[in-house]
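If you read the sequence shown in this note's numbering, its first letter stands for residue 722, the second for the next number, and so on.
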Amino acid sequence: FDMRAAPVSSIVCGGGHGGWEVAAGGWRGAWPGVSPPGGAGGRVPAAASGAALADIPPTYYALYVQAGDDFDTDWFVLAGIGKVETNHGRSKLPGVRSGVNEYGCCAGPMQFAVSQVAGWRICVGDTWGAYGVDGNNDGRRNVYDPHDAIPGAASYTKANGAPDDWRSALWRYNQSSAYYTEVMHWA
722 FDMRAAPVSS
732 IVCGGGHGGW
742 EVAAGGWRGA
752 WPGVSPPGGA
762 GGRVPAAASG
772 AALADIPPTY
782 YALYVQAGDD
792 FDTDWFVLAG
802 IGKVETNHGR
812 SKLPGVRSGV
822 NEYGCCAGPM
832 QFAVSQVAGW
842 RICVGDTWGA
852 YGVDGNNDGR
862 RNVYDPHDAI
872 PGAASYTKAN
882 GAPDDWRSAL
892 WRYNQSSAYY
902 TEVMHWA
């Protein structure tokens with residue numbers, strides 16, 4: 722299937738500002754080199770606003786949509802988590818690319834609780850150990866790799882009620898009502 726040659730239907734994900742268009746035979750992408758969400762048979766993701774597309778790096782956008790499709794959940798809430806936790810991996814704070822955050826327990830662009838980093842035990846919970854995913858099939862589950870961390874977040878939230886009960890799923894992610902409100906604001 723050649724996405725460049727596909728006729729485009731009226732369903733546009735991304736509000737015409739980029740993203741994906743659903744074509745008669747599959748997806749046609751606006752970002753070269755980024756795979757379509759869910760392949761030609763994937764479900765149609767919710768449209769991203771122009772503001773969201775301007776804010777979310779294209780690779781992260783594709784990973785959020787793919788993880789939403791793979792785990793049958795809402796990609797835009799995963800993007801809300803990524804925005805709140807690390808500004809889609811752009812934060813320069815400790816724990817985003819190496820080590821752990823200032824609380825000494827969470828790591829990666831989606832800020833999973835980890836029990837060990839470089840052999841040191843750092844916190845009681847280990848959501849990464851339980852829900853981490855090898856999203857890019859390189860044989861490793863790397864909490865710092867968004868290709869692994871984003872589907873890991875989809876796995877974790879799905880196991881805790883998403884998409885039917887995002888309040889419960891996000892409470893398990895971060896036990897704060899304010900966190901739920903902020904994530905849903907960005908979603």
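Glycine included, each C-beta is placed from N, C-alpha and C at the ideal position.
Linking P884 to A775 through their CA atoms gives a straight-line distance of about 25 Å. Proximity to S876 across Y824, A828, D795 and E806 peaks at D795, based on C-alpha coordinates. Around the C-beta of H868, 16 or more other C-beta atoms lie within 10 Å, and the residue is accordingly described as buried. Annotated as distal: N822 and P830, with beta-carbon spacing of 7 Å or more. Here Y865 has V817, R818, S819, A828, G829 and P830 as same chain residues with Cβ atoms under 8 Å from its own Cβ, once five neighbours each way along the sequence are excluded. The shortest C-alpha to C-alpha distance from T780 to any of D790, G810, A772 and G853 is the one to G810. Going by DSSP, A788 is part of the alpha helix (DSSP H) stretching over P779 to D791. DSSP lists no beta-bridge partner residue for C826.
Apart from sequence neighbours up to five positions away, the residues of its chain that approach A908 with a beta-carbon distance below 6 Å are F797, V798 and G801, ordered along the chain.
For A874, the secondary structure class from DSSP, reduced to helix, strand or coil, is helix. For A890, no pairing in a beta bridge is given by DSSP.
The beta carbon of G853 sits closer than 6 Å to the beta carbons of R862 and G873 from its chain, once the five residues preceding and following it are set aside; these are given in chain order. In this model, G850 and T878 are separated by some 14 Å (Cα to Cα).
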